[in-house]
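For reference, the structure is listed below as structure tokens.
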Amino acid sequence: MGLEASVPAMFRGDAAHTGVYVAPPPTLATTAWTFRTGAKVVSSPVVSEGVLYVGSADHRLYALDAKTGALKWHFQAGGAIAASPAVAAGRVIFSSLDGLIHGVDAATGKSAWTFRTEGERRFTAPGIHGAQPRTELMPDPFDVFLSSPAVAEGLVFVGSGDQHVYALDAATGTLRWKVKTGGVVHASPAVSGGRVYVGSFDRTFYALDAGTGAIRWTFQTGDDPELHNQVGIAGSAAVAEGRVFFGCRDGHFYALDAAKGTLLWKHDNHKGWVIASPAVQGGRVYFPTSDGQRFKALEAATGRPVYDQPMKAVSFSSPAIAGNRILFGTSDGWLHLVDRDTGAAVADFQTEGCRQNGKKYLDAEGRMIGSALYPDGTLDGMVIGLDRMFSLGSILSSPVVTEGMVFVGSTDGTVYALR
Numbered sequence: 080m081g082l083e084a085s086v087p088a089m090f091r092g093d094a095a096h097t098g099v100y101v102a103p104p105p106t107l108a109t110t111a112w113t114f115r116t117g118a119k120v121v122s123s124p125v126v127s128e129g130v131l132y133v134g135s136a137d138h139r140l141y142a143l144d145a146k147t148g149a150l151k152w153h154f155q156a157g158g159a160i161a162a163s164p165a166v167a168a169g170r171v172i173f174s175s176l177d178g179l180i181h182g183v184d185a186a187t188g189k190s191a192w193t194f195r196t197e198g199e200r201r202f203t204a205p206g207i208h209g210a211q212p213r214t215e216l217m218p219d220p221f222d223v224f225l226s227s228p229a230v231a232e233g234l235v236f237v238g239s240g241d242q243h244v245y246a247l248d249a250a251t252g253t254l255r256w257k258v259k260t261g262g263v264v265h266a267s268p269a270v271s272g273g274r275v276y277v278g279s280f281d282r283t284f285y286a287l288d289a290g291t292g293a294i295r296w297t298f299q300t301g302d303d304p305e306l307h308n309q310v311g312i313a314g315s316a317a318v319a320e321g322r323v324f325f326g327c328r329d330g331h332f333y334a335l336d337a338a339k340g341t342l343l344w345k346h347d348n349h350k351g352w353v354i355a356s357p358a359v360q361g362g363r364v365y366f367p368t369s370d371g372q373r374f375k376a377l378e379a380a381t382g383r384p385v386y387d388q389p390m391k392a393v394s395f396s397s398p399a400i401a402g403n404r405i406l407f408g409t410s411d412g413w414l415h416l417v418d419r420d421t422g423a424a425v426a427d428f429q430t431e432g433c434r435q436n437g438k439k440y441l442d443a444e445g446r447m448i449g450s451a452l453y454p455d456g457t458l459d460g461m462v463i464g465l466d467r468m469f470s471l472g473s474i475l476s477s478p479v480v481t482e483g484m485v486f487v488g489s490t491d492g493t494v495y496a497l498r
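Just remember that the working numbering sits 79 ahead of the position in the sequence shown, which is counted from 1.
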């Protein structure tokens, strides 16, 4: 069995985005290899036919030998790559910050097709997160991801900062349909049962017909018209057993009926964002929070808490399930391996960025020192604080697991392969 056999080649492992990998979990005891890119890696790698594909903020998509980390080829895009690729129809398909969606030949790295959207942009609001001056229109520095494409039935489904959801032919890049939402779409669409499920920064969650793009239903999440902080769906959904699960920046986690869009239950995270996409398995749903710094497991049918474990840092990293283990990263530069059933820590791995810069921004207990990261409450202060946090080798990327190995990217610019 090759490296690719247990890992479908798209974000979260499958079109329904369940985050489950049929593979033995790693122990994190050994580093198999590392590969250094030219800038931060925030998106997740994918593995197909023994090749790992990953994008970087250095504008390059890399194809690496999954066993050795050796470079096979790289493709130069016109903007940073902050979305995971998908591999289908012999193409590696991904978005870049210059507003293009690329289809690259998987074997050679040569461009097969490009599709131009109406342009990328980040979520923007006046005085965002309460920053001064409150009347100035500001891009959100925490809107760090682009939409990762999902592939089903020969079609590529992807969102854009131009507020659209697109369906393209995977082989040719030909537009099949597009749907306009009311906000930036940086979540990755999930596909199940002939429907496409995706949230937007307009605080609306959409269910679309996969064949035509027709809107089947919508669901409204919370609003925050004053600070523009507790608003917007940045994370991707997971679909399982007739339910759609997703987190929101309104501080809640939602479960909806996949057919009707009716609310089944919602979980209060006490104003903590859920940027990560949930993992779903065995009647439970798993996700980390950002501000609240918790890792949670809930009953999928009822939303009843199973466990609620504290973390030392925020997490944007979507968890991956392998066997009875869960892996996810945190913004302080650690990759965590926890017991699926209890949430108890099993092992962890520290990035090179954290080893080099941890003493600057982490206290004696390993917690982030807010005053050392963020100089003030302005937008410039937020940007400086994020840059300092990223120097810790933050793991925003979702881990990918296959044959006892885990692959993950870091903001220190490195792709790590661990056993």
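Even for Gly, the Cβ is constructed at its ideal location relative to N, Cα and C.
Check whether residue i and residue j have beta carbons under 9 Å apart
| i | j | result |
| --- | --- | --- |
| phenylalanine 486 | valine 101 | no |
| phenylalanine 469 | threonine 493 | no |
| glycine 445 | aspartate 411 | yes |
| aspartate 329 | arginine 282 | yes |
| isoleucine 180 | valine 237 | yes |
| methionine 461 | proline 220 | yes |
| phenylalanine 90 | serine 163 | yes |
| proline 478 | phenylalanine 407 | yes |
| alanine 499 | glycine 340 | No information on residue 499 is available, as it lies outside the stretch 80 to 498 that the chain covers here. |
| arginine 200 | valine 263 | yes |
| serine 473 | threonine 409 | yes |
| isoleucine 172 | alanine 249 | yes |
| alanine 229 | proline 268 | yes |
| alanine 358 | alanine 289 | no |
| leucine 475 | leucine 414 | no |
| alanine 316 | histidine 153 | no |
| glycine 117 | serine 135 | yes |
| glycine 182 | glycine 198 | no |
Reduced DSSP secondary structure (H/G/I, E/B, other) of residue i
| i | result |
| --- | --- |
| isoleucine 463 | helix |
| serine 175 | coil |
| arginine 195 | strand |
| histidine 208 | helix |
| methionine 468 | helix |
| phenylalanine 90 | helix |
| methionine 80 | In this prediction, methionine 80 scores a pLDDT of 32, lower than 50, which makes its location untrustworthy; no coordinate-derived value is stated. |
| leucine 458 | helix |
| alanine 162 | coil |
| arginine 201 | coil |
| leucine 247 | strand |
| valine 485 | strand |
| phenylalanine 366 | strand |
| lysine 119 | coil |
| leucine 306 | coil |
| serine 85 | Low confidence applies here, because serine 85 scores a pLDDT of 31, under 50, leaving its location unreliable; read the following figure in that light. Coil at serine 85, not helix or strand. |
| glycine 238 | strand |
| aspartate 137 | coil |
| threonine 291 | coil |
| valine 264 | coil |
| arginine 383 | coil |
| valine 99 | strand |
| phenylalanine 284 | strand |
Element boundaries [beta strand (DSSP E), containing residue i]
| i | result |
| --- | --- |
| tyrosine 495 | 493-497 |
| glycine 134 | 130-134 |
| glutamine 155 | 150-155 |
| valine 318 | 317-319 |
| serine 127 | 125-127 |
| serine 473 | Note, serine 473: premise wrong, no beta strand (DSSP E); not H, not E. |
| methionine 390 | Counting along the chain, methionine 390 falls outside any beta strand (DSSP E), and DSSP gives it neither H nor E. |
| lysine 259 | 254-259 |
| leucine 107 | Run containing leucine 107: none; DSSP gives neither H nor E here. |
| lysine 375 | 373-378 |
| glycine 294 | Note that residue 294 corresponds to isoleucine in the displayed sequence, not to glycine. From DSSP, the beta strand (DSSP E) with isoleucine 294 extends over 294-299. |
| arginine 274 | 274-278 |
| alanine 269 | 269-271 |
| valine 359 | 358-360 |
Which residues DSSP lists as bridging residue i, in chain order
| i | result |
| --- | --- |
| serine 190 | Val183 |
| tryptophan 352 | DSSP lists no partner for tryptophan 352. |
| aspartate 347 | His331 |
| aspartate 508 | Any answer about residue 508 is impossible in this case: the structure gives the chain only from 80 up to 498. |
| aspartate 418 | Arg404 |
| aspartate 427 | His415 |
| serine 397 | DSSP, once it has assigned bridges, lists no residue as partnering serine 397. |
| proline 218 | Thr203 |
| alanine 231 | Leu234 |
Residue range of the unbroken alpha helix (DSSP H) whose run includes residue i
| i | result |
| --- | --- |
| arginine 434 | 431-440 |
| serine 450 | 449-452 |
Any non-hydrogen atom of the ligand SAM within 8 Å of residue i CB
| i | result |
| --- | --- |
| valine 230 | You won't find the ligand SAM in this model; it holds no ligand whatsoever. |
Can we say the stretch 243-252 touches the stretch 335-349, given the rule of at least three CB pairs closer than 8 Å? The stretch 243-252 is not in contact with the stretch 335-349.
Is there contact between the stretch 90-106 and the stretch 131-140, where contact requires at least three CB pairs shorter than 8 Å? no
With a cut-off of 8 Å, do at least 3 Cβ pairs link the stretch 201-216 to the stretch 303-319? Here the stretch 201-216 makes contact with the stretch 303-319; the two share three or more CB pairs at distances below 8 Å.
Within 8 Å, do at least three Cβ pairs link the stretch 374-389 to the stretch 339-352? yes
Cβ contact check for the stretch 114-133 and the stretch 418-425: 3 or more pairs under 8 Å: no
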